[in-house]
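Quick note on our numbering: the sequence shown kicks off at 279 and runs consecutively. Note sheet for the following structure.
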Amino acid sequence: MMETITSSKQAMELEDKYGAHNYHPLPVVLAKGEGVYLWDVEGKKYYDFLSAYSAVNQGHCHPRILQTLTEQAATLTLTSRAFYNNILGPFEKYITEYFGFDKVLPMNTGAEGVETAIKIARKWGYEKKGVAENEAKIIVAENNFHGRTTTVISFSNDENARKNFGPYTPGFIKIAYDDVEALKTALKDEKVVAFLVEPIQGEAGVYTPADDYIREAAAACKASNVLFIADEIQTGIARTGSLLAVCGNCTCQGHCEKQSTYTQPDLLILGKAISGGFYPVSAVLANNDVMNVIKPGQHGSTFGGNPLGAQVAMTALEVVRDEKLAQNARKLGKLFRERMQRLAEKSDLVKLVRGKGLLNAVVINDSEDSSTAWDICVALKENGLLAKPTHGNIIRFAPPLVMTEEQLHDCCDIIERTITNFKK
Ligand SMILES: *Cc1c(COP(=O)(O)O)cnc(C)c1O
279 MMETITSSKQ AMELEDKYGA HNYHPLPVVL AKGEGVYLWD VEGKKYYDFL SAYSAVNQGH
339 CHPRILQTLT EQAATLTLTS RAFYNNILGP FEKYITEYFG FDKVLPMNTG AEGVETAIKI
399 ARKWGYEKKG VAENEAKIIV AENNFHGRTT TVISFSNDEN ARKNFGPYTP GFIKIAYDDV
459 EALKTALKDE KVVAFLVEPI QGEAGVYTPA DDYIREAAAA CKASNVLFIA DEIQTGIART
519 GSLLAVCGNC TCQGHCEKQS TYTQPDLLIL GKAISGGFYP VSAVLANNDV MNVIKPGQHG
579 STFGGNPLGA QVAMTALEVV RDEKLAQNAR KLGKLFRERM QRLAEKSDLV KLVRGKGLLN
639 AVVINDSEDS STAWDICVAL KENGLLAKPT HGNIIRFAPP LVMTEEQLHD CCDIIERTIT
699 NFKK
C-alpha cells in the first residue's frame, strides 16, 4: 500500500523501518524546495546550506531547468546508446565547448565518472605510455573522497567507508594532500599513469590547498608524462567562485582565454550540479589523445548520455552562465568568511573558517568525536537553517549560488545567533 506522509515523525519512522541504515540524516523531513529555501512536512521554512552536497547550485526547482525537464520527459527519455539520439550530439558539442575539451564521455553518478576516469587513465597508460599490462599505478591524496564503489573505497582512508568491504582494488598510491614534494617523489615511479585529486577536499572538511598547489601538481605530472585528473564533482560548476576550481582566480564563464590562472586537467570529472539537482548526470572530459583510447564496447552505461539528462544538463549549465553564478559565489563567499571570521574572534566555539567561493567550512572548537557540531546543526535547524557536519567537528556551509546578499546576511545572523546562544 502507498502511504501518504502527514507528519515528519511518520516519514522518519518509515525510513527507519524499511530503508537500509546507510545514512544518519539530520531529523528534518523535507517536502518542498524553491531557490535557496526548503520546507518540511509541517510547513516550516529553512535556508538550505548544503545544496544536496553542491548538486543544487542553481537553486531548488529552477524554473528554466524544470521546463526543459518536463518538455524533454514528454518527448523522449531513454534510447540506450545502441542507437543515436537527437540530443546527445548537441549536448556533447555544448559541454566540450563550455569547458574547452575535445571530447566528453557521459555517465550518471559521480562515482561512475571517477571509475570512468580511472579506466581511461589505465588504458592510456598501457597503450600510450607503454606501462606493462596490469602494472599501472594511480596516485591519490590522503583523506580523499571520490565516491562509494568498491574500487573507489579501496583508496579511501576513511575506515568507516572501507572496513569489511575488501578485498581492495590494487594499483593506488596514497600521498599527503597539498604536498607537491610528496607528489614529485611518487611520480618517480615509472608505472604511475595518473594523479587523481580534488582541487579542494570537500568531504574531508573543505581543505583548501595552497594557491599554487594545483598548478604545480599539474606541471609535475606533465613533466613525468602522467595524467592529471581533477575530480570537480563538488568544486565545479561555479561553486568555488569560478567555473571550475582549477580556474584559480579567474571568473570567466566557459573556456578561459586568459590562461594565467587556469590549469587544464588531462581528465576533468564533473557531476552533481551539472544537472542542477534534477537528474543524475556525470561527465568525463578529455582531449582526443586521451579520450580516443576508448573504443566501442569497452565502456558504457544504459542511462549515460540519455536525451533527458543531456537536455537538462545543457539548460543547467546555461543557467550557471546566464545568472553569473560564479561571480555571485565569489562575492558572497567573501562576505560569508568575513562574517564568520568576526564570529570566530568573539566566540570560543568557532575555531576558524576556511573555503573558497560558497564552499566553506566552520571548524568547531571541540574534539573530532564530540557531538558539538551535530548539536549546533540541530540548533541551526530549529532556527531555520540546514547544514550538516562533516568529519566530526566541521560544519560545511554551501548554500545554492542563487542566494542574494540580503539573504546571506540574514543567514549569517542566524548562524551568529545560534552559536552565541549555544550551550553544550
Ligand atoms: C559527491 C562526490 C563524488 C561521488 O558522487 P556520487 O554522485 O555521489 O557518486 C565523487 N567525488 C567528489 C569530490 C564528490 O563530492
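All C-beta atoms in this analysis are idealised placements derived from N, C-alpha and C, irrespective of residue type, glycine included.
Annotation: Met-279 is outside any beta strand (DSSP E) and is labelled neither H nor E by DSSP. Comparing alpha-carbon positions, the option among Ile-431, Glu-476, Ile-451 lying closest to Asn-442 turns out to be Ile-431. Here Tyr-301 is exposed, its C-beta having fewer than 16 other C-beta atoms within 10 Å. In the displayed model, Val-571 falls within coil according to three-state DSSP, outside both helix and strand. In the pairwise beta carbon analysis, the stretch 372–381 is classified as not touching the stretch 622–639: fewer than three pairs are separated by under 8 Å. Closest in alpha carbon position to Ile-373, among Gly-549, Phe-614, Pro-303, Met-280, is Gly-549. Asn-661 sits close to Thr-696, with the two beta carbons spaced by under 8 Å. A Cβ-Cβ distance of about 32 Å is found for the pair Ile-451 and Asn-335, leaving them out of contact under the 8 Å criterion.
For Met-290, the enclosing alpha helix (DSSP H) stretches over residues 286–296.
Of the heavy atoms belonging to ligand 1, at least one sits nearer than 7 Å to the Cβ of Tyr-331. Ranking Met-569, Asn-364, Asn-527, Gly-587 by CA distance to the CA of Ala-607 puts Asn-527 first. In the three-state scheme derived from DSSP, where H, G and I count as helix and E and B as strand, His-687 is classed as helix.
In this chain, Val-409 is not harboured by any alpha helix (DSSP H), its DSSP state being neither H nor E.
Leu-679 and Val-409 have their C-alpha atoms some 43 Å from each other.
DSSP places Met-681 in no alpha helix (DSSP H); its state is neither H nor E. A distance below 8 Å separates the beta carbons of Leu-474 and Ala-395.
Remark: fewer than three beta-carbon pairs, one from each stretch, lie closer than 8 Å, so the stretch 411–420 and the stretch 577–596 are not flagged as touching. Residue pairing by DSSP puts Tyr-315 in a beta bridge opposite Glu-312, Tyr-325. Annotated three-state conformation of Ala-439 is helix, per DSSP. Proximity of the stretch 395–407 to the stretch 564–579 meets the contact definition, three or more beta-carbon pairs being nearer than 8 Å.
Closest in alpha carbon position to Lys-310, among Asp-294, Pro-303, Ser-286, is Ser-286. For Thr-668, DSSP records a beta bridge to Ile-672. Rounded to whole angstroms, Asp-467 and Ala-497 show a C-alpha spacing of 16 Å. Under a 10 Å Cβ-count criterion, His-340 is classified as buried, with 16 or more other Cβ atoms of the shown protein chains found around its own Cβ. In the three-state scheme derived from DSSP, where H, G and I count as helix and E and B as strand, Leu-356 is classed as coil. DSSP places Ile-511 in the coil class of the three-state scheme, outside both helix and strand. For Lys-415, the beta-bridge partners assigned by DSSP are Val-470. In this structure, the straight-line span from the alpha carbon of Ser-560 to that of Gly-367 is close to 16 Å.
In this structure, Thr-387 has its beta carbon less than 7 Å from a heavy atom of ligand 1.
Looking at the backbone, the Cα of Gly-321 and that of Phe-614 are separated by about 27 Å.
Leu-304 has its alpha-carbon roughly 26 Å from the corresponding atom of Thr-682. Remark: the C-beta of Val-392 is in contact range of ligand 1, defined as less than 7 Å to any heavy atom. Spatial neighbours of Asp-318 in its own chain (CB-CB distance under 8 Å, excluding positions within 5 residues in sequence) are listed in chain order as Ser-286, Val-306, Val-307, Leu-308, Ala-309, Tyr-324.
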